[in-house]
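Numbering (our numbering), first residue to last: 36 to 312.
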């Protein structure tokens with residue numbers, strides 16, 4: 036199928052909902068999810084046919100240059116989500132609740148989730164963690180707000196883990212994940228991200244629940260996949276984990292384009308007579 040055909044089909048398709056994802060899982064159609072942080076990128080990704088756009092707290096890394104996701108605030112997440120929603124006509128938009136906005140209490144978590152939904156127009160929120168987050172997730176879903184869970188490597192807990200290595204290799208942690216994914220489904224999550232865990236465990240966890248799982252570094256056994264868009268496009272050259280496949284080298288493309296512009300300005304070749312009034 037050509038790029039043009041995909042774009043036309045995406046434009047004509049109905050809005051993706053949490054129910055759509057459930058139907059895709061039931062029909063064995065893999066779910067394609069990517070991150071977005073701004074209007075222009077969101078519009079392109081949406082028109083390309085991406086099913087889910089995650090306004091990730093990874094904006095802290097790729098947009099703001101922080102080492103971890105911890106510094107980004109709820110105000111900043113709301114801003115990014117507002118930009119993304121304005122560019123989307125089809126995809127489901129999910130917004131990360133950032134560190135410090137739901138860990139204190141379920142009441143705080145609900146307040147944060149309500150703010151995101153009211154101020155951004157997004158369709159769902161995402162929360163990291165298993166057992167420790169269950170009360171908050173249950174309270175939010177009972178308020179009618181869709182929640183996506185996140186297990187395995189949870190970046191907001193990086194200082195607890197001390198490393199970004201694969202999680203749940205040991206049986207004790209694997210058992211905990213097996214229990215947590217069931218608890219997340221029971222608490223009302225419509226889906227769960229599984230990050231950097233063994234492929235066999237991800238497949239087992241996926242088969243143990245009736246909701247979609249979205250893998251990142253978790254093998255082919257999940258209901259779908261997610262990548263950080265900047266990684267997929269080759270914009271983050273200093274980040275090369277095993278699970279990333281680069282579909283373009285936009286860092287090189289942009290560098291070449293900008294250098295061409297600089298050269299034309301230096302040589303007074305730009306603007307030309309045809310580009311002047």
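Ideal Cβ positions, reconstructed from N, Cα and C, are used throughout, including at glycine. None of these values were measured; they are calculated from a predicted model.
Residue i: first and last residue of the uninterrupted alpha helix (DSSP H) it sits in
i: residue 299; result: 285 to 301
i: residue 270; result: Neither: residue 270 is in no alpha helix (DSSP H) and is coded neither H nor E.
i: residue 149; result: 141 to 155
i: residue 81; result: 74 to 83
Cα-Cα separation between residue i and residue j, rounded to whole angstroms
i: residue 125; j: residue 89; result: 13 angstroms
i: residue 227; j: residue 49; result: 23 angstroms
i: residue 174; j: residue 168; result: 10 angstroms
i: residue 262; j: residue 53; result: 19 angstroms
i: residue 51; j: residue 78; result: 15 angstroms
i: residue 194; j: residue 117; result: 30 angstroms
i: residue 123; j: residue 102; result: 29 angstroms
i: residue 290; j: residue 253; result: 33 angstroms
i: residue 80; j: residue 286; result: 18 angstroms
i: residue 166; j: residue 240; result: 15 angstroms
i: residue 282; j: residue 311; result: 37 angstroms
i: residue 294; j: residue 213; result: 51 angstroms
Cβ-based neighbour list, residue i, same chain, cut-off 8 angstroms, excluding 5 preceding and 5 following
i: residue 42; result: Per-residue confidence for residue 42 stands at a pLDDT of 47, beneath the threshold of 50, marking its modelled position as unreliable; no derived number is given.
i: residue 192; result: 163 and 164
i: residue 137; result: 143, 144, 147, 148, 162, 168 and 171
i: residue 150; result: 109 and 113
i: residue 218; result: 165, 166 and 169
is_contact[residue i, chain C] using C-beta, thresh 8 angstroms
i: residue 61; result: You won't find chain C in this structure, because it holds only one protein chain.
Proximal residues to residue i (C-beta, below 7 angstroms), its chain only, five neighbours per side dropped
i: residue 304; result: none
i: residue 66; result: 56, 59, 86, 87, 247, 249, 258 and 259
i: residue 202; result: 187, 188, 208, 231 and 232
i: residue 36; result: Residue placement at residue 36 cannot be trusted, given a pLDDT of 45 that sits under 50; what the coordinates show is reported in the next sentence. No residues qualify anywhere along the chain.
i: residue 108; result: 133
Beta-carbon contacts of residue i that lie in its chain and below 6 angstroms, excluding the five residues immediately before and after
i: residue 132; result: 147, 160 and 162
i: residue 141; result: 170, 171 and 174
Anticipated Cβ contact below 8 angstroms, residue i with residue j, distance rounded
i: residue 248; j: residue 229; result: 5 angstroms
i: residue 157; j: residue 128; result: 5 angstroms
i: residue 143; j: residue 113; result: Actually they are not in contact, since the Cβ atoms of residue 143 and residue 113 sit about 16 angstroms apart, beyond 8 angstroms.
Where the beta strand (DSSP E) through residue i begins and ends
i: residue 87; result: 87 to 90
i: residue 52; result: Segment: none, residue 52 is in no beta strand (DSSP E) and carries neither H nor E.
i: residue 262; result: 259 to 262
i: residue 253; result: From DSSP, residue 253 is part of no beta strand (DSSP E); its letter is neither H nor E.
i: residue 136; result: No beta strand (DSSP E) holds residue 136; DSSP gives it neither H nor E.
i: residue 160; result: 159 to 161
Checklist entry - Taking only runs of the beta strand (DSSP E) that begin and end inside the region 178 to 238, which ones reach a length of at least 3 residues, in chain order? => result The qualifying runs are 182 to 187 and 226 to 230.
Checklist entry - Along the chain, which unbroken stretches of the alpha helix (DSSP H) at least 4 residues long are found entirely within the region 89 to 116? => result Counting only runs of 4 or more, we get 94 to 97.
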